[in-house]
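Chemist: Chains as they are written, first to last, in full-length UniProt numbering: chain A, 1 to 778; chain B, 1 to 71.
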Amino acid sequence: MEQKDLRRWEWLCIQEEPPLCQAACPIHVDVRLFTRHLAAGKVDEARKVLAKTMPLSGVLGRICDHPCENACRRADPEDGDEGIRIGSLERACVIQSDARPRSLPVPPKNFTAAVVGGGLSALTAAWDLGRKGVRVSLLVPEREIGGVLLAYPESVLPAEALARELELLKAMPVTIETDVAIDADRIQRLLDEHAGVYLGLDSLALSDIHVDLVFDIKALDPVSRSTGRPGLFAGAPLGSTPFSPIQAVLHGRQAALSIERTAQNVSLSASREKEGPFETRLFTSMADVEHAPATPMADPGGYTPEEARAEAARCIQCECKECVKVCPYLAHFKGYPKKYAREIYNNLSVVHGLRAANTMIESCSNCGLCAEVCPNDFHMGTLCLMARREMVRQDKMPASAFDFALRDLDFNVSSKATLAKPDPDTGACEWAFVPGCQLAGATPELVRATYDHLRAGLEGGVGLLMHCCGAPAEWAGRKDVLANVTESFRALWKELGEPKLVLACTTCLQTFADLLPEIPCTSLWEVLEPMDLPEGAGGEGVYTLHDPCTSRYLAAVQNSARTMAGRLGVTLRDADLTGVNTECCGFGGLMECANPAMATKVVERRTTDNPSPFLAYCAMCRDSLSRQGAPVVHMLDLLFPGLARNPEPASPNPLVRSGPGPADKHENRARLRAQLAKELWNEEQGPMEKYEEIELILEPEVQSAVDERRILAEDIRRAIAHAEETGRSMKHPESGRFLVSHQPAAVTYWVEYAPEPGGQAFRVYRAWSHRMILQGAQ
Amino acid sequence: MQHFPEIIARYEGWVCQKCNEPLVPGKTQLAYLGSVFDVELPVCPKCGMFIVPEELAMGKILEVEQVLEDK
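#1: Under 7 Å between beta-carbons, which chain A residues line up against residue 61 of chain B? List them in chain order, please.
#2: When the cut-off is 7 Å and only beta carbons count, does residue 734 of chain A lie next to chain E?
#3: Could you say if the stretch 81–93 of chain A and the stretch 157–174 of chain A meet the contact criterion of at least three C-beta pairs nearer than 8 Å?
#4: Within 7 Å (strictly less), CB to CB, does residue 777 of chain A reach chain B?
#5: Does the Cβ of residue 540 of chain A have 16 or more other Cβ atoms within 10 Å, making it buried, or fewer, making it exposed?
#6: Cα separation between residue 53 of chain A and residue 246 of chain A?
#7: May I have the straight-line CA-CA distance separating residue 333 of chain A from residue 327 of chain A, to the nearest angstrom?
#8: Could you please give me the residues that DSSP links to residue 21 of chain B through a beta bridge?
#9: By DSSP, does residue 754 of chain A sit in helix, in strand, or in coil?
#10: Looking at the C-beta of residue 21 of chain B, does it have a partner C-beta in chain A at a distance below 7 Å?
#11: Enumerate, from N- to C-terminal direction, the unbroken alpha helix (DSSP H) stretches of 4 or more residues contained entirely within the stretch 585–613 of chain A.
#12: Is it right to say residue 485 of chain A is buried, meaning 16 or more other beta carbons lie within 10 angstroms of its own, or is it exposed?
#13: Find the residues of chain B that neighbour residue 475 of chain A, judging by a C-beta separation of less than 9 Å, and give them in chain order.
#14: Taking only beta-carbon positions, decide if residue 34 of chain B is within less than 7 Å of chain A.
#15: Can you list, in chain order, the residues of its chain with a C-beta nearer than 6 Å to that of residue 4 of chain A? Leave out the 5 residues immediately preceding and following it.
#16: What would DSSP say about residue 773 of chain A, mapped onto helix, strand or coil?
#17: Show which residues of chain A have a CB atom less than 9 Å away from the CB atom of residue 4 of chain B.
#18: In chain order, what residues of the stretch 395–414 of chain A put their CB closer than 7 Å to some CB of chain B?
#19: Does DSSP put residue 115 of chain A in a helix, in a strand, or in coil?
#20: CB-CB under 8 Å to residue 145 of chain A, same chain, minus the five flanking residues each way: which ones, in chain order?
#21: I'd like to know if the stretch 520–528 of chain A and the stretch 550–562 of chain A are in contact, where contact means that at least 3 CB-CB pairs between them fall below 8 Å.
#22: Counting only beta-carbon atoms, is residue 18 of chain B nearer than 7 Å to chain A?
#23: Tell me whether residue 14 of chain A sits in a helix, a strand or coil according to DSSP, three-state version.
#24: Can you list the residues of chain B that residue 739 of chain A reaches, using a CB-CB cut of under 7 Å?
#25: With a CB to CB cut of under 8 Å and the five nearest residues on each side skipped, what residues in its chain are close to residue 112 of chain A?
#26: From the beta carbon of residue 9 of chain B, is the nearest beta carbon of chain A less than 7 Å away?
#27: Of all Cβ atoms in chain B, is any one closer than 7 Å to the Cβ of residue 728 of chain A?
#28: Just tell me which of A:682, A:314, A:739, A:454 has its CA closest to the CA of residue 765 of chain A.
#29: Within 10 angstroms of the Cβ of residue 156 of chain A, are there 16 or more other Cβ atoms? Answer buried if so, exposed if not.
#30: CA-CA distance, residue 717 of chain A and residue 771 of chain A?
#31: Distance cutoff 7 Å, beta carbons only. Does residue 731 of chain A sit that close to anything in chain B?
#32: Could you say which of A:116, A:242, A:687 lies nearest to residue 63 of chain A if we only look at CA atoms?
#33: Start and end of the beta strand (DSSP E) containing residue 521 of chain A?
#34: Roughly how many angstroms separate the alpha carbons of residue 79 of chain A and residue 18 of chain A, rounded to a whole number?
#35: Closest to residue 691 of chain A by CA distance: which of A:703, A:674, A:684, A:714 is it?
#36: To the nearest angstrom, how far is it from the Cα of residue 323 of chain A to the Cα of residue 273 of chain A?
See below:
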C-alpha cells in the first residue's frame, strides 16, 4: 500500500471533517466540543474551548454575530427543526465563567510588528502576534481603546468585560499607546521599523485619515489582507454593511499570520484555503434525531445556566459514522474507516515490531454494507482484502487466520468432493446445477432433491457440478489458490460442454461474475420461480427474510426469493437491514474463521434486532444465523418439507458442523459426492484410504469441544492412523489409553484415544491442537 | 526455560510406546513465527519424543501464539 493509496482511502472517509457550525465559523470555534461541555454542566471547560480559538473571548463571546447558527444541521430547512442558539450559549458561557487555559510563556520572536487601531480587528492582530511572542506596538488613534466596540450598550458589552480582556493583552509583549496621531508619513515610518504593519479600520479615528493616500482599499487581498504595499495589511473597513465582529476578528487574525509570514519571508498565499468559512464534507444523518425547538429564554437578556445546559444538549454532536452505526465489526474497533485505513497502512509498513491491525484486517466480512451507506462509498472489505493480499505477499499472514477455510477449500476441490457430470438420463447438458460447498456440506439431502426437481422441470438436460467457486481463497488473500480454483472450475465447465449454470449460492454467483464472466449463470431462485412446485411443497407462518450479503446488488435474485416464499405460502417481513442494505450473517470474508467471537456478535445483533423465525436462502446464512439459538429455515426446507430438519439451531460452530447430525461438512460432501456418483452415474467408489476406515466414538461433550477447536474427524482419523502405522505414540498402561500427535500442515493435532475391544472403532477422549512447531528435546 | 511442574505432574504414568520408557521432565524447544522457546515438558529419555499437554496448548501456548500473531 503506497502512501498515495492511503491518502485516497482517507479522503473517502469524512468522519474527521469539521461539523457545519465549525466550518461556517470564520475562526472555526470547536462548537461541538463547546456544547458538549455545556450540556454536561462544565461551564469552565466550555469557556476554555472558546478561549482556545477566540481572541478576547470575554468580548467576542458577548457580541459575536454567529454565522454558525444558520449553518447548524438542525437549522436545515429540509429535515431540521431549529438551529442551536450558539450565540446565546456563548454569551451565557462567558458571563457565567471566566475560566481560560493558562497561556504558556513563549520565547520572544526576532521581529516586531505594529498594529494601528483600537477596534476589535486591531486588538485581535495584537493578541495573536503577542501570544506568539512577537513584540507588538499597538497604536490607538483614539483616547479610549475599543473602536466600534465602544458603541455597544453596557447591557450587551460592559466596559468591565473589555477591560478584563485588555488586562490579558497587556500581559503579552504588547505595548499600547493611545491618542496616537496617524498619517501616511507615520505609516511609512512604522513600515521601516517593523516586519509588518496592520491597520484595523474598525477604529473610528482611522476613517478620518486619507486611507486612499496610503493604499488602494479595493486592492485589499481577501485572504492575506495585503494592501499591495509590502508589509502593510489592513482589514475590517467600516462600510455600508452592519459591523460584523467575527469578520473583524477574522481580518485581524489573517493579517497577524501574514505579518508573521512576511517576517519569515514565506508565501503569503500558500495553504490558506481553510481560513475563513469553508464548505465541510461532513455528512450527518437526521434520521434518528428527535425534533425539538430551541430552549426558550425566560429573561430575554440571556440564558440561565439551566437553560443553557438544556439548549446545549440539543446539539446532536454532528458526525457521519453511517457505516459504524450498521456494522458491529466497524464499531468493535472503536474508530471509523479513516482511522482504520491509517492503522492498516501502518500495519503493512511495519518491518520489525507489532502488527497491531492484523485482527481488524482478518475479521471484516467484506459484505459491503459500509460502502452502501457511506456518502463516498468507502468499502472496508476492499481495503481489507487488499491488505490481506499484501500480508500474504509479505509472508506475514498468521497461519491461524484462514488456515481452516483454506484446508476446507483444498478438500472441496479434491477428488473426494468434486463431481462434474451431464444429465444421467440423457447425457445432455444444457444446464448444470452448482449446489455450492455450503449447501452440500450442510444439507446434502436437499442437494439431491433440488437436482432431481431441476431435472424434471428443465429441458435440454441438467448436469451436476460440485466444486468450490474460489471465494474462500479470494477472502484469504490467496490469489495463487484462487487462480488454480478458477482454472479448474473453468475446465470442468468446458468438459460438460459449457452449460448454463444454476447456482444455489449467491457467493458463487458473485465470484463467477467477477472471474468467469464467460459462463452464463442464473440463481437457483430465478430458475425455480416459473417452475411447478415439487409435490408437498409449502409452509406457513411469518418469517423475517434474511438476504445474503452477496445478493446485495442482485435485485432479481432477491425478488425471486420473495416470490418463491409467497408461492410457498409463508408471509415475509423484511429485516431492519434488507435488500440492498442487507447485513452479513458473520461468515462472509471468512469472519467466522478468523474471528469467531466477532461473528457471534454479528449474529447476536441480527437475531436480536429482528423477530424470529428467519427464512434464509443461503445455506451458510442458515447455519450462521442459527448459532445463537434463533430458529432459521432454508427456503429449500419449504420446497421439500419432507426432508426439512427441525428449524432449530444448526450448531454453535457453523463452519465445522452441519447440524445436529454426527457428520461434519467434509464428510457430508464426500458422502454426497460418492452417493450421487454411484446412484446416478453408476460410478464405483475408489478404494478408501486406510485412515478413512477408522470409526470414531466421541461422547457429545468431547464432540462439542473438538468442534469448537475446529478439529475435524478427518484430522483425528489421520492422527490415529499415523500412530497405528508407525507405532510412535505415548501409552498410559494404567488406563490403556494412547496419546498421539500429527502435523499434516501448519497445525499439530493431539488425540487421546483407546481402541474399542475388537474391530476398527476408537474411542476419543480429547483432542487439541497448537500452531507452535515441535523442534525437539535436548 | 519455562517450567510448568503442576501440568507436567498430571502426565505422570505415560510411557513412550516405542522405547517403553516412562516420560520424565526435560528441556524441549517450540518455535513459532521466528521465535524459539525453551519449555520443560514430559520427554522420553531415550528417543526424545515429548508431549505438549492440552492445558499448555490451549492455555499459555495459545496466548503466546496469539501475541506473536498480533491478535
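From the three backbone atoms N, C-alpha and C, an ideal C-beta is built for every residue, glycine too.
These numbers were taken from a predicted model, which means no experiment stands behind them.
Modeler: Taking the geometry as given:
#1: Within the second sequence, numbered from 1, the residue matching residue 61 of chain B stands at position 61. Residues of chain A passing the Cβ test: 770, 772.
#2: Note that chain E does not occur in the displayed structure, where the protein chains are A and B.
#3: no
#4: Indexing the first sequence from 1 puts residue 777 of chain A at position 777. It does: the Cβ of residue 777 of chain A has a partner Cβ on chain B nearer than 7 Å.
#5: As a working note, residue 540 of chain A is residue 540 in the first sequence. Exposed, since its Cβ has fewer than 16 Cβ neighbours within 10 Å.
#6: Residue 53 of chain A sits at position 53 when you count from the first residue of the first sequence. Residue 246 of chain A sits at position 246 when you count from the first residue of the first sequence. Near 12 Å, if we compare the C-alpha coordinates of residue 246 of chain A and residue 53 of chain A.
#7: Taking the first residue of the first sequence as 1, we reach residue 333 of chain A at position 333. Taking the first residue of the first sequence as 1, we reach residue 327 of chain A at position 327. One C-alpha to the other measures close to 11 Å.
#8: Along the second sequence, read from residue 1 onward, the residue named residue 21 of chain B stands at position 21. Residue 21 of chain B pairs with B:16.
#9: As a first step, residue 754 of chain A must be located in the first sequence, where it is residue number 754. Of the three classes helix, strand and coil, the one that applies to residue 754 of chain A here is strand, per DSSP.
#10: Here the question's residue 21 of chain B lines up with position 21 in the second sequence. No, residue 21 of chain B does not count as interfacial toward chain A.
#11: 591–594, 596–609
#12: Counting from 1 along the first sequence, the entry for residue 485 of chain A is found at position 485. Residue 485 of chain A is buried by the Cβ-count criterion.
#13: In the first sequence, the residue the question calls residue 475 of chain A occupies position 475. The contacting residues do not exist; residue 475 of chain A stays about 17 Å from chain B at best.
#14: The residue labelled residue 34 of chain B in the question sits at position 34 within the second sequence. No, no contact with chain A.
#15: Along the first sequence, read from residue 1 onward, the residue named residue 4 of chain A stands at position 4. The answer is none, since no qualifying residue turns up.
#16: Numbered from its first residue, the first sequence carries residue 773 of chain A at position 773. Strand at residue 773 of chain A.
#17: Here residue 4 of chain B refers to the residue found at position 4 of the second sequence. Within chain A, no residue comes near residue 4 of chain B; the closest Cβ sits about 14 Å away, beyond 9 Å.
#18: 398, 400
#19: Here residue 115 of chain A refers to the residue found at position 115 of the first sequence. Strand at residue 115 of chain A.
#20: Along the first sequence, read from residue 1 onward, the residue named residue 145 of chain A stands at position 145. Contacts found: 118, 123, 162, 166, 176, 178.
#21: The stretch 520–528 of chain A and the stretch 550–562 of chain A touch, with no fewer than 3 CB-CB distances between them shorter than 8 Å.
#22: The sequence position of residue 18 of chain B within the second sequence is 18, counting from 1. Closer than 7 Å: yes.
#23: As a first step, residue 14 of chain A must be located in the first sequence, where it is residue number 14. When DSSP states are grouped into helix, strand and coil, residue 14 of chain A belongs to the coil group.
#24: Position 739 of the first sequence, counted from the first residue, corresponds to residue 739 of chain A. Here the neighbours are 14, 51.
#25: Here the question's residue 112 of chain A lines up with position 112 in the first sequence. Here the set comprises 134, 135, 136, 137, 193, 194, 195.
#26: Indexing the second sequence from 1 puts residue 9 of chain B at position 9. It does not; no Cβ of chain A falls within 7 Å.
#27: The residue given as residue 728 of chain A occupies position 728 in the first sequence. Yes, residue 728 of chain A counts as interfacial toward chain B.
#28: The residue given as residue 765 of chain A occupies position 765 in the first sequence. Measuring from the Cα of residue 765 of chain A, the nearest candidate turns out to be A:739.
#29: For the purposes of this step, residue 156 of chain A is taken as residue 156 along the first sequence, with counting starting at 1. Label assigned to residue 156 of chain A: exposed.
#30: One-based indexing of the first sequence puts residue 717 of chain A at position 717. One-based indexing of the first sequence puts residue 771 of chain A at position 771. In a straight line, the C-alpha of residue 717 of chain A is about 19 Å away from that of residue 771 of chain A.
#31: Along the first sequence, read from residue 1 onward, the residue named residue 731 of chain A stands at position 731. Answer yes: the Cβ-Cβ gap between residue 731 of chain A and chain B drops below 7 Å somewhere.
#32: Here residue 63 of chain A corresponds to residue number 63 of the first sequence, with the count starting at 1. When each option's Cα is compared against that of residue 63 of chain A, the closest is A:242.
#33: Stepping through the first sequence from its first residue, residue 521 of chain A is reached at position 521. Segment 521–523, the beta strand (DSSP E) holding residue 521 of chain A.
#34: For the purposes of this step, residue 79 of chain A is taken as the residue at position 79 of the first sequence. For the purposes of this step, residue 18 of chain A is taken as the residue at position 18 of the first sequence. For residue 79 of chain A and residue 18 of chain A, the distance between alpha carbons rounds to 20 Å.
#35: Locating residue 691 of chain A in the first sequence gives position 691, counting from the first residue. Nearest of A:703, A:674, A:684, A:714 to residue 691 of chain A, Cα basis: A:714.
#36: Here the question's residue 323 of chain A lines up with position 323 in the first sequence. Here the question's residue 273 of chain A lines up with position 273 in the first sequence. Approximately 29 Å between the Cα atoms of the pair.
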